[in-house]
Amino acid sequence: MTRVDQGIVVSGSDSLLTVIERLQASPVRRLLVVEGDTLIGYITAHDVAGWIEKSGILKGERRRG
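Take 19 as the starting number for the sequence shown in the numbering used here and just add one per residue.
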């Protein structure tokens, strides 16, 4: 098993703020998403930016549906 720097790992239950903070600190601009010892995916700064844009949270609006 390969050890991974915990600075590039988040849990599926971590908050968006935690994800953004870790992305800002990460030189690779992507984070591994884990549940326990299992890799369930990865998330990139581009993914987060797209979600923020689509959600409208920066404009004070919420997208429904």
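Using N, Cα and C, we set each Cβ at its ideal position, and we do this for glycine too.
Here the structure is a predicted model, which is why all the values come from computation and not from measurement.
For Thr62, which residues in the same chain have their Cβ closer than 7 Å to its Cβ, ignoring the five residues on either side in sequence? Arg47 and Arg48
Among Glu53, Val66, Gln42 and Lys77, the one whose alpha carbon lies nearest that of Ser31: Glu53
In the DSSP assignment, find the unbroken alpha helix (DSSP H) run with Ser73 in it and report its ends. Ala63 to Ser73
Have a look at Pro45 and Ile38 and give me their C-alpha separation to the nearest angstrom. 13 Å
Tell me whether the beta-carbon of Ile26 lies closer than 8 Å to the beta-carbon of Leu57. no
Assuming Arg47 is part of the beta strand (DSSP E), what are its boundary residues? Careful: Arg47 lies outside any beta strand (DSSP E) and carries neither H nor E.
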